[in-house]
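Sequential numbering of the sequence shown, starting at 1, is according to UniProt numbering. Beta carbons are placed, not taken as given, at the ideal position from N, Cα and C, and that holds for glycine. Written out below as structure tokens is the structure these notes cover.
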Amino acid sequence: MLTPVWWLLCLPFVAGALIALQAGVNGQLAKQVGSVFVAAMISFFVGTMALLLLVLIQRETPSLSALKGLTWWHWCGGLMGAFFITVAAFAGPRIGALLFMTLVLAGQLSMALALDHFGWAGFREAPISLGKMAGLLLIILGVVLIRRG
């Protein structure tokens with residue numbers, strides 16, 4: 001396997017940091033507008049407009065045949081994103097950033113373990129190992145310790 005360039009390793013780190021910030025921003029937005037769902041909608045609208053601008057600038061329009069070839073589950077990513085944004089705006093301010101993000105991380109790593117093990121959703125197969133399970137259990141233990149703290 002090729003070693004990724006340094007910025008390819010930095011991008012997920014920055015994205016993760018922004019997820020924690022996004023939860024707080026959307027929580028404050030929900031408080032200001034009086035609705036978790038309206039806050040999620042505003043968040044998605046702004047994101048959609050930013051992506052629309054980038055698509056128009058890049059002129060990356062999919063063909064009609066490419067769109068016709070999509071299956072039902074190809075369309076689910078947006079629903080998953082809407083669920084996350086809504087949960088973040090609702091739960092984040094109530095349980096705190098650290099516990100919220102640790103729970104998010106535990107959920108992400110649990111799913112990632114299954115995705116890699118079975119090679120689902122286009123990921124390469126990488127069987128579950130004792131080390132991977134131990135790492136996940138340590139994250140779950142972290143949730144317990146943070147909750148008690």
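Counted within 10 angstroms of its Cβ, other Cβ atoms place residue i as buried (16 or more) or exposed
i, result
"Val104", "buried"
"Thr3", "exposed"
"Ser43", "buried"
"Thr102", "buried"
"Ala23", "buried"
"Ile128", "exposed"
"Phe100", "buried"
"Gly149", "exposed"
"Gly27", "buried"
Pairwise C-alpha distance: residue j and residue i
i, j, result
"Lys31", "Val14", "26 Å"
"Ala50", "Ala97", "26 Å"
"Leu9", "Leu137", "24 Å"
"Met80", "Trp7", "27 Å"
"Glu125", "Leu18", "28 Å"
"Ala40", "Val5", "34 Å"
"Leu64", "Val25", "37 Å"
"Thr71", "Ser110", "25 Å"
"Leu52", "Leu145", "42 Å"
"Leu11", "Val46", "21 Å"
For residue i, the three-state DSSP class (helix, strand or coil)
i, result
"Arg59", "coil"
"Ile128", "coil"
"Val5", "coil"
"Gly135", "helix"
"Leu70", "coil"
"Ser35", "coil"
"residue 153", "No statement about residue 153 is possible, as the shown extent of the chain runs from 1 to 149 and does not include it."
"Gly119", "coil"
Other residues of its chain near residue i: CB distance less than 7 Å, five sequence neighbours each side excluded
i, result
"Ile140", "Ala106"
"Gly142", "Thr102"
Residue i beta carbon near the ligand HEM (any heavy atom closer than 7 Å)
i, result
"Trp73", "With respect to the ligand HEM, the structure shown offers nothing to examine, as it has no ligands at all."
Cut-off 6 Å between Cβ atoms - residues of its own chain near residue i, not counting five sequence neighbours on either side
i, result
"Phe123", "Leu115 and Asp116"
Cut-off 8 Å between Cβ atoms - residues of its own chain near residue i, not counting five sequence neighbours on either side
i, result
"Phe118", "Glu125"
"Arg147", "Leu99"
_For the segment 82-100 against the segment 36-54, do three or more pairs of beta-carbon atoms, one drawn from each stretch, fall closer than 8 Å, so that the two count as touching?_
Look at the beta carbons and you see the segment 82-100 touching the segment 36-54: at least three pairs across the two are nearer than 8 Å.
*Evaluate contact between the segment 118-134 and the segment 53-72, counting only Cβ atoms and requiring at least three cross-stretch pairs below 8 Å.*
No, the segment 118-134 is not in contact with the segment 53-72.
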